[in-house]
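Contents: one structure, followed by commentary.
Protein chains: 2
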Amino acid sequence: MPLSELHIAVRLLPIPRVWLTTHMPSPTRTLSTAEERREDVLSTAIGAFASRGYFGTTTVDVAKRAGISQAYLYRLFPDKESLFAAVVERSFERIRDSISKAAASTEGTSPEVVLSSMASAYAMLIRDQDLLLVQIHAQCAAVSVPEVRRAVRSGYARLVEYVRSVSGGSEEQVQQFFARGALCNLVVTMGAEDLDTPWATTLAAGLRH
Amino acid sequence: MPLSELHIAVRLLPIPRVWLTTHMPSPTRTLSTAEERREDVLSTAIGAFASRGYFGTTTVDVAKRAGISQAYLYRLFPDKESLFAAVVERSFERIRDSISKAAASTEGTSPEVVLSSMASAYAMLIRDQDLLLVQIHAQCAAVSVPEVRRAVRSGYARLVEYVRSVSGGSEEQVQQFFARGALCNLVVTMGAEDLDTPWATTLAAGLRH
DNA sequence: CAGGAGAGTGGTTGATCACTCACTCCGGTG
DNA sequence: CACCGGAGTGAGTGATCAACCACTCTCCTG
Chain Z
1 MPLSELHIAV RLLPIPRVWL TTHMPSPTRT LSTAEERRED VLSTAIGAFA SRGYFGTTTV
61 DVAKRAGISQ AYLYRLFPDK ESLFAAVVER SFERIRDSIS KAAASTEGTS PEVVLSSMAS
121 AYAMLIRDQD LLLVQIHAQC AAVSVPEVRR AVRSGYARLV EYVRSVSGGS EEQVQQFFAR
181 GALCNLVVTM GAEDLDTPWA TTLAAGLRH
Chain H
1 MPLSELHIAV RLLPIPRVWL TTHMPSPTRT LSTAEERRED VLSTAIGAFA SRGYFGTTTV
61 DVAKRAGISQ AYLYRLFPDK ESLFAAVVER SFERIRDSIS KAAASTEGTS PEVVLSSMAS
121 AYAMLIRDQD LLLVQIHAQC AAVSVPEVRR AVRSGYARLV EYVRSVSGGS EEQVQQFFAR
181 GALCNLVVTM GAEDLDTPWA TTLAAGLRH
């Protein structure tokens, strides 16, 4: 077995164990638990999927960003589809957390104030673009990837019901909230806020307070 | 040269020339001009890119739908990027054509009427989903594909200025028009209009007249 | 009818994809 | 200390990708 021998020979070389991740789980432990790793992957994968989308992002890239091998990525998640769906769910949670904080700070006021507060919280949140881009990429992938479709629908379901209940706004007000949110997404993806043309300023007017 | 001989032998078989495309350019001509072919490709490619987006759609698929070889696709367009950008420009034109017809039918009335007419024209237009999906996929690809970014920006530039001039509406009204358009896109991609849940009906309320 | 320009294709290339397998290493337990 | 389960990986797999090239076929013109 020359191949096997070669393999052993290579393995016997003193390869230093290098941790590419900045995460140091606990002083008494050099290995992470699978659950900790999954969390790492989920948070770093957002950046990967944000820049190139579901189809354009490779699992090698995701693994590299998380500081693990691609092989181990497939022990943490069954396939690319589930991985992306998990990332999408995760980013919906982040959005809900963010606007719920804004809602809490205006508790007991009018629907208009609560909605406006949540709207600017959202506008601030997506300034780093990662969350936003994953959102839109998910919207695209939802059409042809069943698991993603499921994640997007349940994400918006929760979001709409949350906004409705916490703001106490009317149907029209809630709808308007999401319409402006969608416009916000459009403006950011085009980079229209950095443009100084009439059409761009018209679209971006007042979206950021 | 056994390979060459095989090639010739295969070529000598009486292969009937089958036109997979429905386009019959002229009775006195069995070949299309390159320009006609480009048009064919552009219109069939919309369907291809709509379902899987820029990264997920293969050039083989695009060629197959147009009824030509993948090799010839690369004679008609320099690369995949330019091809997709051309498809995006094309779909922006279709949108502009559609809403301009609606605007023409309400000429001389108030901005509100013109905008409302254009809005429902847009809502009707994207019912086949292809135009809409290419639009959103383009929005995604715009982030990482320069040529697509250019196409999307110039598309919206023209669109915004056209809506502004033809409707005579205020900044807020024009912005509102595009906000509702973006919401419309979101609703359709999720298939929310077919859902009978409170959150879905809230988002989709009144978008289609 | 000769021949050249343009239409159109088969076959290939090197890279890269998602995914798998056989394997090693580490930490804790009896 | 023996050993076992889980963390983690190197080296692939076949498939598929965008892009390219050498080539044939069709049509028009002189």
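In the order they appear, the protein sequences are chains Z and H.
Take 1 as the starting number for the first sequence in UniProt numbering and just add one per residue.
Take 1 as the starting number for the second sequence in UniProt numbering and just add one per residue.
Backbone N, C-alpha and C define an ideal beta-carbon position, used for all residues, glycine too.
Since the model is a prediction, treat every value here as computed from it, not as a measurement.
{"query": "Residue-level contact to chain Z via CB, Glu171 (chain H), 8 Å cutoff", "result": "yes"}
{"query": "Proximal chain H residues relative to Ile136 (chain Z), where beta-carbon distance stays under 8 Å", "result": "Ile136, Gln139, Cys140"}
{"query": "Rounded straight-line distance, which links the Cα of Glu161 (chain H) to that of Pro111 (chain H)", "result": "14 Å"}
{"query": "Phe178 (chain Z) versus Gln129 (chain H) - alpha carbon distance", "result": "21 Å"}
{"query": "Close-in-space but distant-in-sequence residues of the same chain around Leu83 (chain H) (CB under 6 Å, 5 per side omitted)", "result": "Phe77"}
{"query": "6 Å CB neighbourhood of Gly53 (chain H) in its chain, flanking five on each side removed", "result": "His137"}
{"query": "Cβ-based contacts, 7 Å cut-off: residues of the segment 52-85 of chain H near chain Z", "result": "Arg52, Gly53, Phe55, Gly56"}
{"query": "Continuous alpha helix (DSSP H) stretch holding Gln135 (chain H): start and end", "result": "130-141"}
{"query": "Minimum Cβ-Cβ distance from Val174 (chain H) to chain Z less than 8 Å", "result": "yes"}
{"query": "Alpha carbon of Ala151 (chain H) to alpha carbon of Ser154 (chain Z), nearest angstrom", "result": "32 Å"}
{"query": "Candidates H:Thr109, H:Val143, H:Lys101: closest to Met124 (chain H) by CA position", "result": "H:Lys101"}
{"query": "For Thr202 (chain H) and Ser116 (chain Z), the rounded distance between their alpha carbons", "result": "18 Å"}
{"query": "Residues of its chain near Arg90 (chain H), where Cβ-Cβ distance is below 8 Å and the 5 sequence neighbours each way are ignored", "result": "Leu42, Ser43, Ile46"}
{"query": "Ordered list of alpha helix (DSSP H) runs contained in the segment 58-137 of chain Z, each at least 4 residues", "result": "59-66, 70-76, 80-105, 111-125"}
{"query": "Three-state secondary structure (DSSP) of Arg29 (chain Z)", "result": "Only weak support is given to the placement of Arg29 (chain Z): the predicted model assigns it a pLDDT of 44, under 50, and the value that follows is read from those uncertain coordinates. Correct three-state label for Arg29 (chain Z): strand."}
{"query": "Candidates H:Ala104, H:Leu131, H:Arg127, H:Ala141: closest to Met118 (chain H) by CA position", "result": "H:Ala104"}
{"query": "Closest residue to Gln139 (chain H) among H:Arg38, H:Phe49, H:Ala34, H:Ala71 (Cα-Cα distance)", "result": "H:Phe49"}
{"query": "Residue nearest to Ser51 (chain Z) in terms of C-alpha spacing, selected from Z:Arg96, Z:Leu132, Z:Phe92", "result": "Z:Leu132"}
{"query": "Chain-ordered residues of the segment 143-160 of chain Z with a beta carbon less than 7 Å from chain H", "result": "Val143, Ser144, Val152, Arg153, Tyr156, Ala157, Val160"}
{"query": "Separation of Ser170 (chain Z) from Arg164 (chain Z), as counted between CA atoms", "result": "8 Å"}
{"query": "Own chain residues within Cβ distance below 7 Å of Ile99 (chain H), not counting five before or after", "result": "Met118, Ala121, Tyr122"}
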